[in-house]
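S.K.: These protein sequence lines map, in sequence, to chains A and B.
Per the working numbering, the first sequence starts with residue 469, numbered consecutively.
Per the working numbering, the second sequence starts with residue 469, numbered consecutively.
Quick reminder that beta carbons are idealized off the backbone N, C-alpha and C, glycines included.
Can you read through this structure? Questions will come right after.
There are 2 protein chains.
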Amino acid sequence: MTIYRAPVDDMMFLFEKLKNNSHYNSLEKYKEVNSDLAKDILEQAAKLTENLILPLAKVGDETPSKLENGVVRTPPGYKEVYKKFIDDGWVSLSCDPEYGGQGMPKTISSFFDEMLSAASLSFKLYSELSIGAYNCIHRHGSDSIKKKFLPNMVKGTWSGTMCLTEPVCGTDLGLLKTKAVEQSDGTYKLTGQKIFITSGDHDLTENIIHLVLARAPDSPSGTKGISLFLVPKIQVKEDGSLGARNGVSTNSIESKMGIRGSATCVLNFDDAVGYMIGPKNKGLNSMFTMMNLERIVVGLQGLGLSEIAYQNALNYSKERKQGKSNTSKTKNGADLIIDHADIRRSLLNMKSIIEGERALGFWLAQQTEVSLHHKDNRIKEEASDLVSLMTPVVKSLFTDMGMEITSDAMQIFGGYGYTKDQGIEQLYRDNRITPIYEGTNSVQAIDLVFRKLVNKNGDVINKYINLIKKDLKINEEKIKPFIKKLDQNIEILTKFSDWIKEKMKSSKDDVSAACNDYLKVLGLVATAHAWVKVLEVSYKDYENNKKFYEEKIQTANFFFNRVLPKAENYYLTATSGSKYIMDFKFN
Amino acid sequence: MTIYRAPVDDMMFLFEKLKNNSHYNSLEKYKEVNSDLAKDILEQAAKLTENLILPLAKVGDETPSKLENGVVRTPPGYKEVYKKFIDDGWVSLSCDPEYGGQGMPKTISSFFDEMLSAASLSFKLYSELSIGAYNCIHRHGSDSIKKKFLPNMVKGTWSGTMCLTEPVCGTDLGLLKTKAVEQSDGTYKLTGQKIFITSGDHDLTENIIHLVLARAPDSPSGTKGISLFLVPKIQVKEDGSLGARNGVSTNSIESKMGIRGSATCVLNFDDAVGYMIGPKNKGLNSMFTMMNLERIVVGLQGLGLSEIAYQNALNYSKERKQGKSNTSKTKNGADLIIDHADIRRSLLNMKSIIEGERALGFWLAQQTEVSLHHKDNRIKEEASDLVSLMTPVVKSLFTDMGMEITSDAMQIFGGYGYTKDQGIEQLYRDNRITPIYEGTNSVQAIDLVFRKLVNKNGDVINKYINLIKKDLKINEEKIKPFIKKLDQNIEILTKFSDWIKEKMKSSKDDVSAACNDYLKVLGLVATAHAWVKVLEVSYKDYENNKKFYEEKIQTANFFFNRVLPKAENYYLTATSGSKYIMDFKFN
Chain A
469 MTIYRAPVDD
479 MMFLFEKLKN
489 NSHYNSLEKY
499 KEVNSDLAKD
509 ILEQAAKLTE
519 NLILPLAKVG
529 DETPSKLENG
539 VVRTPPGYKE
549 VYKKFIDDGW
559 VSLSCDPEYG
569 GQGMPKTISS
579 FFDEMLSAAS
589 LSFKLYSELS
599 IGAYNCIHRH
609 GSDSIKKKFL
619 PNMVKGTWSG
629 TMCLTEPVCG
639 TDLGLLKTKA
649 VEQSDGTYKL
659 TGQKIFITSG
669 DHDLTENIIH
679 LVLARAPDSP
689 SGTKGISLFL
699 VPKIQVKEDG
709 SLGARNGVST
719 NSIESKMGIR
729 GSATCVLNFD
739 DAVGYMIGPK
749 NKGLNSMFTM
759 MNLERIVVGL
769 QGLGLSEIAY
779 QNALNYSKER
789 KQGKSNTSKT
799 KNGADLIIDH
809 ADIRRSLLNM
819 KSIIEGERAL
829 GFWLAQQTEV
839 SLHHKDNRIK
849 EEASDLVSLM
859 TPVVKSLFTD
869 MGMEITSDAM
879 QIFGGYGYTK
889 DQGIEQLYRD
899 NRITPIYEGT
909 NSVQAIDLVF
919 RKLVNKNGDV
929 INKYINLIKK
939 DLKINEEKIK
949 PFIKKLDQNI
959 EILTKFSDWI
969 KEKMKSSKDD
979 VSAACNDYLK
989 VLGLVATAHA
999 WVKVLEVSYK
1009 DYENNKKFYE
1019 EKIQTANFFF
1029 NRVLPKAENY
1039 YLTATSGSKY
1049 IMDFKFN
Chain B
469 MTIYRAPVDD
479 MMFLFEKLKN
489 NSHYNSLEKY
499 KEVNSDLAKD
509 ILEQAAKLTE
519 NLILPLAKVG
529 DETPSKLENG
539 VVRTPPGYKE
549 VYKKFIDDGW
559 VSLSCDPEYG
569 GQGMPKTISS
579 FFDEMLSAAS
589 LSFKLYSELS
599 IGAYNCIHRH
609 GSDSIKKKFL
619 PNMVKGTWSG
629 TMCLTEPVCG
639 TDLGLLKTKA
649 VEQSDGTYKL
659 TGQKIFITSG
669 DHDLTENIIH
679 LVLARAPDSP
689 SGTKGISLFL
699 VPKIQVKEDG
709 SLGARNGVST
719 NSIESKMGIR
729 GSATCVLNFD
739 DAVGYMIGPK
749 NKGLNSMFTM
759 MNLERIVVGL
769 QGLGLSEIAY
779 QNALNYSKER
789 KQGKSNTSKT
799 KNGADLIIDH
809 ADIRRSLLNM
819 KSIIEGERAL
829 GFWLAQQTEV
839 SLHHKDNRIK
849 EEASDLVSLM
859 TPVVKSLFTD
869 MGMEITSDAM
879 QIFGGYGYTK
889 DQGIEQLYRD
899 NRITPIYEGT
909 NSVQAIDLVF
919 RKLVNKNGDV
929 INKYINLIKK
939 DLKINEEKIK
949 PFIKKLDQNI
959 EILTKFSDWI
969 KEKMKSSKDD
979 VSAACNDYLK
989 VLGLVATAHA
999 WVKVLEVSYK
1009 DYENNKKFYE
1019 EKIQTANFFF
1029 NRVLPKAENY
1039 YLTATSGSKY
1049 IMDFKFN
């Protein structure tokens, strides 16, 4: 069984001390969300995740969701905890008060996302997609649709899904075949098969609201002919009560490497009644509202799983004795493995990545709120550009690092780490979906270079780099060595960006073969930037909390010495071009 | 279900064209092992692994070995295939003809190790440890012990184990507690518990010969009081027939992340009769004969699993259509994903590592044979030093790369890769034990810097570097750019080695915190060295097999452009020292 203690102190440090984004601070909406409220919420969230949700992780892995006579049964205990979860209002944390939500900002809800992911990603997924679907309906649905569906989704008595993938189309949605035929009453009837539908069916809620991409018979082929539909599992009458079963059935559920508590379904739609959401043939745009926010949350999943893996590895290192350290004073027997330099290196590597990511995630949460709610359109758009640039980065970087960290944590457990008893290998298996779903990490990298980087005449990356440079104008002498290292890497990022822009004209394959590396460089620079903001506070506020800040400074030190310098190698190897790759004849 | 085609062509290329090690070629023992014989064996081995053993992988994962009423049952089908396996003499491939073996060199048997690992690592493990135990008994056992036990082990009707680990000691064998009390007849009675015993019990053979590390009551504590004992599961009478059950029982078997077909046992020894092997209190030395050869085989496991992962990813890339490539001519629909630059980059990355490793493994197999069988003691010892230097490198590098490759292969399958249907995620889970067992990869790195590097006044690494430099004196102009790159990295390796030697005097923690990185640098240089040998033949023999050699040259090109340059970053970050790591106060 794993242990988990929600890192409320670090979260509160960020919330209180890094809340220096003036645009965020000027948001009327969140004026009353002060530190006391944040702390209260995070402490309640910590109790919930540590005590009630954590035990569900192992249960879900050992007793996966299963399909019985056409009905999906969640693992033992899920139902009871889910009831408490919605009764206490956790689904509604970030939702609009108009529909019964608590209206909390992402600067709080993303910490909750991290905690939930750490405790049990499988359990989390049952409400996560509800929020995704909620966001999409909230933004693109008509008033009557919103009134009819949102209150129960916010309450959590109904859940939601995103139905995109089909057997022949995952990454490439242009190929999708599900048909939506308009009826005389303005509704549609949908027919087709969707696969890999997270929480596609389950027994936790009274109804499930599917958001389905489909093609009308008169729509063009490719991505320009895709519309978005709301398809309830059980039809909803005018008065809001449940009616007849809709034409949606569960064909099968996947047997997976991890997140086995989560039901990943193949859904059949047979003349299922649906309602169009947003304009016809613009379904992909509407869906991407949801997808983009969701991609950031997937990044936070990687962060949460990294945190719990780190905590367990640290804990084990303090219990397990093996061998003697280089400066051992032990006469008989062995030292704790945490006294060994190599184990310490591995633990600090995890910690320096995790805390840098958390700071970056917090920065992004602020930007996201500004992009959604700022009054000034120019400021809103600037923030939106930054969010759009960093979304693929956070999704990929946090989940890739999640693999590195959960794997390194296993390694610290040695042979025990490979057995099911310790729970550590499950973290690794659970996290392994995160670099795949919501667009594989390579798809994120392609999105970054071919969409985000060329947006607005390619000026977005320069704006971001200038923003960092502005943040580096700090007078504290002790930060100078850190800034110098970051400067060198900004230089690398700049050269790499220029190279990408140049190759975009002459050889797109060069860009494609370099995009994963480019994303990593940008991710490392962004994390270092977040670290500098943490360092700035750490030195300024040093005397008020020496122990805490000393730890921050040393952890940053590790990041700047051993993690950040990886950027250069990504740049040098990636810019070796692609001719020799494209010319290769695979047997 | 995965596909697998044993890479006999590449193996035969190495066997025929890289057999230019004059010391190896002068071994009397293998004079008759010519290309025809090698090809015949490898083709038979290919048939066996592709047709009979490959299907056992999935079966073993879905129906793991289980303990029923004190007896371990292997997965369905294992028994039948094992019978054919031993009837056809595969266990005995590399064993001494004196005991019924076929006496084939490691230049052939290590290819067979790779194939078996690719097809089903779980199945392989039932005979792998038998060979380990055979090697140990063959080297250290008395004549009467050898006569009594080896013939049936060579035949495969008896199997073997290595019993080292106990609940409190894995890496640190000095802590071991199993007791061995001498009896009046010169035998010992062993009492204690051993854990993580691969093939500790099963139903494939009539008897199991355990090699057990234990401590006599009058032996000192620590590693200097450990002796090695042979403990049969069923006692063997003087005439060689089976007698009474010995005091060895299976307490439980582990539920593991992967290699679920393999039975990993907790064994209880209760006054079990054992025979001392080798001198008293020198058990660790004797066991290390077995361990070192075994560590190389673990490296080959990583290579085998990499190969099958690559083959499946390549195959899928040629079937799956998604999105349009940068130079697409497709009007409607999508291109094969193998047309996408990023997928090609990923596939070539795998291929360039795999083929480089295979060449390095072949080089090491030659060196191993020279180290075991050369008449000239000086030559024998020189080879032995090289084998000893490269053993931790091959074990760690091949298994770490195995993780990278099996993971990248999954990534190419997208969501399908995460489901159990494709079999690709199993390769990843199965391979995940290889960086852990037979000494974690960090333990290998510690062994490399603290033992191997300081051997013979630290001259071993210089000898190795000089050997490479000698091999780089090639006149072919086209190889020059490759050699230049390797030279730069030899420079890095040299500086890194000097740094390690220096720090060994002043700060061992600096060395410990750098050892994993050092191993990686040495591994990359060693693989590049192997590639240069392949390139030399490829250019010389070019006209005779253009297609094959062109592919080799292009694959090498990828390795030198995108893989080898990683060495520099390992060097730069690792030499940042350890003070900030050792000073850190973990909460």
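(1) What does the alpha-carbon distance come out to for the pair S533 (chain A) and E548 (chain A)?
(2) With 9 Å as the C-beta to C-beta threshold (strictly closer), list the residues of the region 832-860 of chain A near chain B in chain order.
(3) Across the region 561-580 of chain B and the region 596-615 of chain B, are there enough close Cβ pairs to call them in contact, namely three or more that are closer than 8 Å?
(4) Below 8 Å on the Cβ atoms is my contact criterion, and I expect L771 (chain B) with E582 (chain B) to pass it. Report the Cβ-Cβ distance as a whole number of Å.
(5) Is any beta-carbon of chain A found at less than 8 Å from that of I1049 (chain B)?
(6) Name the chain A residues that come within less than 9 Å of N984 (chain B), Cβ to Cβ?
(7) Assuming contact is defined by CB atoms lying nearer than 8 Å, are K848 (chain A) and V862 (chain A) in contact in what I supplied?
(8) Please work out which residues of its chain come closer than 6 Å, Cβ to Cβ, to P949 (chain B), disregarding the five sequence neighbours upstream and downstream, and give them in chain order.
(9) Would you check if the distance between the CB atom of A684 (chain B) and the CB atom of W831 (chain B) is smaller than 8 Å?
(10) Looking only at its chain, what residues have a beta carbon closer than 6 Å to the beta carbon of D978 (chain B), apart from the 5 residues adjacent to it on each side?
(11) Going along the region 489-506 of chain A in order, which residues come within less than 7 Å of chain B, judged by CB to CB distance?
(12) Go through its chain and collect everything with a Cβ distance to D915 (chain A)'s Cβ below 6 Å, but skip five positions before and after it.
(13) Beta-carbon of F1026 (chain A) versus every beta-carbon of chain B: anything under 8 Å?
(14) Under 8 Å, Cβ to Cβ, is there at least one residue of chain B near M759 (chain A)?
(15) According to DSSP, is H678 (chain A) part of a helix, a strand, or is it coil?
(16) Could you run through the region 722-748 of chain B and flag, in chain order, every residue whose CB is less than 7 Å away from some CB of chain A?
(17) Would L681 (chain A) pass as a contact of L644 (chain A) if the rule is Cβ separation under 8 Å?
(18) Which residues of the region 790-804 of chain B have a Cβ closer than 9 Å to any Cβ of chain A? Give them in chain order.
(19) Check whether chain A comes within 8 Å of R639 (chain B), counting only Cβ atoms and requiring the distance to be less than that.
(20) Which residues mark the beginning and the end of the alpha helix (DSSP H) in which P688 (chain A) is found?
(21) Are the CB atoms of S595 (chain B) and I521 (chain B) nearer to each other than 8 Å?
(22) When the Cα of I764 (chain B) is compared with those of B:E706, B:E775, B:S754 and B:R826, which residue comes out closest?
(23) Might you give, ordered along the chain, the residues of its own chain that have their beta carbon closer than 8 Å to the beta carbon of K623 (chain A), omitting 5 neighbours on each side?
(24) Report the option in A:T874, A:V539 and A:K969 whose CA atom is closest to the CA atom of Q779 (chain A).
(25) Does Q879 (chain B) come within less than 8 Å of chain A when only Cβ atoms are used?
(26) Hey, does T902 (chain A) have any beta-carbon neighbour from chain B nearer than 8 Å?
(27) Using only CA atoms, which one of A:V766, A:M871, A:I822 and A:L524 lies nearest to P543 (chain A)?
(28) Any chance the region 868-888 of chain A sits against the region 950-965 of chain A, with 3 or more Cβ pairs inside 8 Å?
(29) Consider the Cβ of I471 (chain B): report whether some Cβ of chain A lies at a distance smaller than 8 Å.
(30) Any C-beta of chain B sitting closer than 8 Å to the C-beta of T908 (chain A)?
(31) Assuming contact is defined by CB atoms lying nearer than 8 Å, are F737 (chain B) and V766 (chain B) in contact in what I supplied?
(32) CA-CA distance, K551 (chain A) and K799 (chain B)?
(33) Quick test of your reading: G654 (chain B) and I745 (chain B), contact by CB under 8 Å. State the CB separation rounded to the nearest angstrom.
(34) Can you find at least 3 beta carbon pairs, one from the region 1029-1045 of chain B and one from the region 976-996 of chain B, that sit closer than 8 Å?
(35) Note down, in chain order, every chain B residue with its Cβ under 7 Å from the Cβ of S689 (chain A).
(36) Quick one, which residues of the region 995-1027 of chain B are near chain A if we go by CB-CB under 9 Å, in chain order?
M.R.: Let me spell this out:
(1) 15 Å
(2) none
(3) yes
(4) 5 Å
(5) yes
(6) D810, R813 and S814
(7) no
(8) none
(9) no
(10) K971, G1045 and S1046
(11) none
(12) P860
(13) yes
(14) no
(15) strand
(16) E722, S723, K724 and M725
(17) yes
(18) Q790, G791, K792, S793, N794, T795, N800, G801 and A802
(19) Checking the sequence, you will find Thr at residue 639 (chain B) rather than Arg. Yes, T639 (chain B) lies at the interface with chain A (some Cβ there is under 8 Å from its Cβ).
(20) Per DSSP, P688 (chain A) belongs to no alpha helix (DSSP H) and is neither H nor E.
(21) no
(22) B:R826
(23) I554, V559, S560 and G568
(24) A:T874
(25) yes
(26) no
(27) A:L524
(28) no
(29) no
(30) yes
(31) no
(32) 51 Å
(33) About 13 Å separates the two Cβ atoms, so there is no contact after all.
(34) yes
(35) N800
(36) K1015, E1018, E1019, Q1022, T1023, N1025 and F1026
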